[in-house]
């Protein structure tokens, strides 16, 4: 029987082993199938996280953080050796022995948030404190029979007992009614070498980490070593309870998961690692802190370490915490740092780039990525890192790369700053360096475009050149630009679009079309082109322009764009449009842009991304090309002043669903004195006091950009927008019941539903009480009755005396009234005549009788007044003095009456072109002047150009067929040397004579 039983047991164990192997095989198969999905929907690689660091320089009282917790309303709490620290995303608030309420000791050991939202705090003298969700504090001081040492860890079981781990002195549990119940350590257990970790499992068993194996307190209350079969009876071993309830055991470099009271090896880490902290995040990834090797993560991307070269706090990683927004907080001996998942990823010198000031990026036909920077040319390798290409100028240094292009043969064309154009084979070998000896003008090559016929076009500082074969030539087509070229693009018809700092030229075969952006929004410098369908979109220093069907439309600052200068427009495959700028990357959609450009919508809605979203630098670079691209895998790449940044549009939805921050009230003060406002009871505020309430939105991603609104029930009819203001004051509120609501939102996001709410009552003064008011009312009523009777008697007597006097005076007054009415009529008529004469004299003194413009006297007075005002305020002031060209010929050939008619029409044209704030004047003969307030020289020059166009477009002056009238003008802007209005006028007059000397019909700027 015994042999049969043993055989059955062996067979059972064999079947069990086979079953276990099958389960493990199925598990690995499922993991292998789920890995690609996890890579897409899970967390990004560790290198893509943005990292923020805080130390004592940033407000922490101490750099060693023993524990981290987050209470339900959103505050983060840190345990340090110099007190308990609360963080709201902007400010650190320290609670220690000096504050009220105060702690019993500054050395904080551990933190725990219970199911009711209360915060438990232990210290280095064996005391335990509790801060309730209502803000009330309670302390359990150490007892004579409990150790007066550091409580390293706290955990709560299902019965509400708070378990305490004393440093080297055993354990205890605390209940509010019994206080602290201490359990000394048996001498045969290594609790004298306890580690900082303790866990309570689902069966309320307590697991304790030590430097010499794992200790367990079972439900029978006995402390013992972990089962010997587990193999964790020696060396550093400690437990961790994950958010999903799973119990993990860390033993050396091995990570075990406890399943059915058995240890299952989950991970074995390479090398000699001393693990000191562990965290399982919402993706199921494991974060591991070490003694001296920083932070590790085990995820779908494998075992990852943070990139080298990061200046992070050193020493042991003591604590790890994932906050409500998914960020990972790391407390180390040298400070605090936070890893947050961002929309953008960035590559810098740490990833092998030659330099962080990146100017251009290009994906070739083999899907390789080429990156040009101020420090040379780089190629991305298969492992995602970059290697420098051996490209050198005549001085032996790497050239500064400004532009890239690939031709049909696979050759790479590289435009540089001052070193010409390099032509490389597809493998990166140099084929030729085009320079001055080849006929290439010197200077910058900011743009290269390959024509459909294979001809290479390059933009230089002296216009555009074409390279066909090895021959460099300068096109001789009339109208080609001769200055700095900043952008080139061939459209679908093969036409070459040329962007310059003075607008656009389009080479259409053997003719050049000029497109002037200035009349529509003042655009001048062009940075990029992108054709979508039959429309060419243009990036400029005044926003986006669209050329379609021979018409120009604009989407700029006035239409909702947050910046003026934009560098490159790139649509993705999901309907988004990405736009690079000096102040971050903008995102909108093509339908919105077209609706605004068509006039069907007034404004464009734009989201802006910068460093907070993971960009290496918010300053995207432009005036080089291409400065932003869409790769074949659908990702968007943009060059910046701090590296190369990229975003996968497919990840956008997850970031757009970021919840609004919860609002929390920080403190309440009445006449500058703090009051305890937390708790269920309504606060009573004495009447007539000044009430100040500070609040915060508890988000740690864009804390300084959170917007707020408040609503005080009992006073406000609706919400009051507060912008970034974090406090509100009320002075002299009337007596009554009030409830303050505070809501917060991220920039451009919706308002949060988790509002901060505080109710209070303003008490009335003694004279505002109803009983006092009723008594005062009765006394006043009696006094009024007595006063009424007295006044009535006095009134009757007075009325009789008055009646007699009135009768006597009435006759005299009637006679005087008739006489006065006659005199008044005469005076009124005389005053009206004098007013009309004064108005006519005033107008004649300051108005030109012929043109109805201001004359020289009126102009001089306005010039003196505006000159003084501009000097006081620092506002710009421009003066235009213009003279009709060859006006004497008009008088001689057509008579003086025709000349007068021309002067009248000239005045009308000038007045029509002027703004309400401008002052046109005729200062003598055929000379006119135009005073332009709050106008810069460039704007004044544009006005003169527009006025000159109006003169040219004016047909048949004075009704004389073919009569053409032009003017010469001198334009000046007030500067520091103009001490008097006369000096300013003299400068304009000299500029006028230069215009006449230079051939007339022009404006000369002085």
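Residue numbers (this note's numbering): 343 to 1348. Each residue gets a CB set at the ideal place from its N, CA and C atoms; glycine is no exception. Being a predicted model, the structure only gives us computed values, none of them experimental.
Exercise for the section: For residue 973, collect the residues of the same chain with a Cβ closer than 7 angstroms to its Cβ; drop the 5 residues on either side in sequence, then sort them by chain order. Expected result: These residues qualify, in order along the chain: 705 and 979.
Exercise for the section: Decide yes or no for the touch test of the region 1197 to 1205 against the region 1276 to 1292: beta carbon pairs closer than 8 angstroms, at least 3 of them. Expected result: These segments do not touch.
Handout entry: At least three beta-carbon pairs within less than 8 angstroms, the region 961 to 976 to the region 698 to 714
Key = Yes, they touch.
Handout entry: Nearest neighbour of residue 534, chosen from 1009, 641, 984 and 513 [CA to CA]
Key = Here the closest residue by C-alpha is 513.
Handout entry: 3-residue-minimum beta strand (DSSP E) runs that sit fully inside the region 829 to 872, ordered along the chain
Key = As far as the region 829 to 872 is concerned, its whole beta strand (DSSP E) runs of at least 3 residues are 838 to 842, 845 to 850 and 853 to 857.
Practice task
Return the chain-ordered ranges of every alpha helix (DSSP H) run that is complete within the region 868 to 954 and spans a minimum of 4 residues.
Solution key: Runs of the alpha helix (DSSP H) inside the region 868 to 954: 932 to 940.
Practice task
Compare the Cα-Cα distances from residue 726 to each of 740, 709, 739 and 716 and report the closest residue.
Solution key: Nearest of 740, 709, 739 and 716 to residue 726, Cα basis: 709.
Practice task
Out of 445, 451, 778 and 497, point me to the one whose CA is closest to residue 1351's CA.
Solution key: With the chain represented from 343 up to 1348, any question about residue 1351 goes unanswered, as that position is not in the structure.
Exercise for the section: Please confirm if the region 741 to 750 is in contact with the region 710 to 721, defined as three or more CB-CB distances below 8 angstroms between the two stretches. Expected result: Contact between the region 741 to 750 and the region 710 to 721 is present: three or more C-beta pairs spanning the two stretches fall below 8 angstroms.
Exercise for the section: State the Cα-Cα distance for the pair residue 1035 and residue 1104, rounded to the nearest angstrom. Expected result: Roughly 15 angstroms between the two C-alpha positions.
Problem - Rounded C-alpha distance that separates residue 736 from residue 770 - result: Using only the alpha carbons, I get a separation of about 18 angstroms.
Problem - The alpha helix (DSSP H) enclosing residue 1241, as first and last residue numbers - result: Going by DSSP, residue 1241 is part of the alpha helix (DSSP H) stretching over 1238 to 1255.
Problem - DSSP three-state assignment for residue 442, whether helix, strand or coil - result: Three-state result, residue 442: coil.
Exercise for the section: Give a yes or no on whether the C-beta atoms belonging to residue 452 and residue 956 are separated by under 8 angstroms. Expected result: The answer is no: Cβ separation not under 8 angstroms.
Exercise for the section: Tell me, please, which residues DSSP counts as bridged to residue 1133. Expected result: Residue 1133 is not bridged to any residue.
Problem - Exposure label - residue 1304; buried when at least 16 CB within 10 Å - result: Residue 1304 should be labelled exposed.
Practice task
In the DSSP assignment, find the unbroken beta strand (DSSP E) run with residue 662 in it and report its ends.
Solution key: From DSSP, the beta strand (DSSP E) with residue 662 extends over 659 to 664.
Handout entry: Cβ shell of residue 348 (< 6 angstroms), same chain only, five flanking positions each side left out
Key = Summary for residue 348: the model assigns pLDDT 37, below 50, so the residue's position carries little reliability; its value from the coordinates is reported in the next sentence. Excluding sequence neighbours, residue 348 sits near nothing in its chain.
Handout entry: Limits of the beta strand (DSSP E) - the one that residue 1264 falls within
Key = Per DSSP, residue 1264 is one residue of the beta strand (DSSP E) stretching across 1261 to 1266.
Handout entry: residue 572, DSSP secondary structure in three states
Key = In this structure, residue 572 counts as helix in the three-state DSSP scheme.
Problem - residue 655 beta carbon near the ligand SAM (any heavy atom closer than 7 angstroms) - result: In the structure on display, the ligand SAM does not appear, and there are no ligands present to speak of.
Practice task
Taking 8 angstroms as the cut-off, decide whether the C-beta atoms of residue 757 and residue 788 are in contact.
Solution key: Cβ atoms of residue 757 and residue 788: closer than 8 angstroms.
Practice task
Return the CA-CA distance between residue 876 and residue 1263, expressed in angstroms with no decimal places.
Solution key: Per the coordinates, the alpha-carbon of residue 876 lies some 48 angstroms from the alpha-carbon of residue 1263.
Handout entry: Closest residue to residue 1018 among 948, 1101 and 954 (Cα-Cα distance)
Key = Of the candidates 948, 1101 and 954, the one whose C-alpha sits nearest the C-alpha of residue 1018 is 1101.
Problem - Beta-bridge partners of residue 1025, as assigned by DSSP - result: Note: residue 1025 sits in a beta bridge opposite 1102.
Handout entry: For residue 1107, the three-state DSSP class (helix, strand or coil)
Key = Correct three-state label for residue 1107: coil.
Exercise for the section: Helix, strand or coil for residue 591, going by three-state DSSP, please let me know. Expected result: Three-state result, residue 591: strand.
Exercise for the section: For residue 1244, count neighbouring C-beta atoms within 10 Å of its own C-beta (all shown protein chains included) and say buried if the count is 16 or more, exposed if not. Expected result: By the 10 Å Cβ count, residue 1244 comes out buried.
Exercise for the section: Using three-state DSSP, classify residue 1118 as helix, strand or coil. Expected result: Assignment of residue 1118 by DSSP, reduced to helix, strand and coil, places it in the helix class.
Practice task
Pick out whichever of 655, 883, 1069 and 437 has its Cα sitting closest to the Cα of residue 1098.
Solution key: Closest option to residue 1098, Cα to Cα, is 1069.
Handout entry: At least three beta-carbon pairs within less than 8 angstroms, the region 1127 to 1135 to the region 1035 to 1047
Key = Here the region 1127 to 1135 makes no contact with the region 1035 to 1047; the two share fewer than three CB pairs at distances below 8 angstroms.
Practice task
Using beta-carbon positions only, say whether residue 661 and residue 843 come within less than 8 angstroms of one another.
Solution key: In this structure, residue 843 does not lie closer than 8 angstroms to residue 661 by Cβ.
Practice task
Go ahead and pull the three-state DSSP assignment for residue 750.
Solution key: Residue 750 falls in the coil class under three-state DSSP.
Exercise for the section: Identify every run of the beta strand (DSSP E) within the region 1308 to 1343, keeping only runs that are complete inside it and at least 3 residues long; order them along the chain. Expected result: Listed in chain order, the complete beta strand (DSSP E) runs (minimum 3 residues) inside the region 1308 to 1343 are 1309 to 1315.
Handout entry: Residues near residue 910 by beta carbon distance below 6 angstroms, same chain, minus five either side
Key = Cβ within range, chain order: 870, 881, 922, 969 and 970.
Handout entry: residue 617 - partner residues in DSSP beta bridges
Key = Bridge partners of residue 617: 632.
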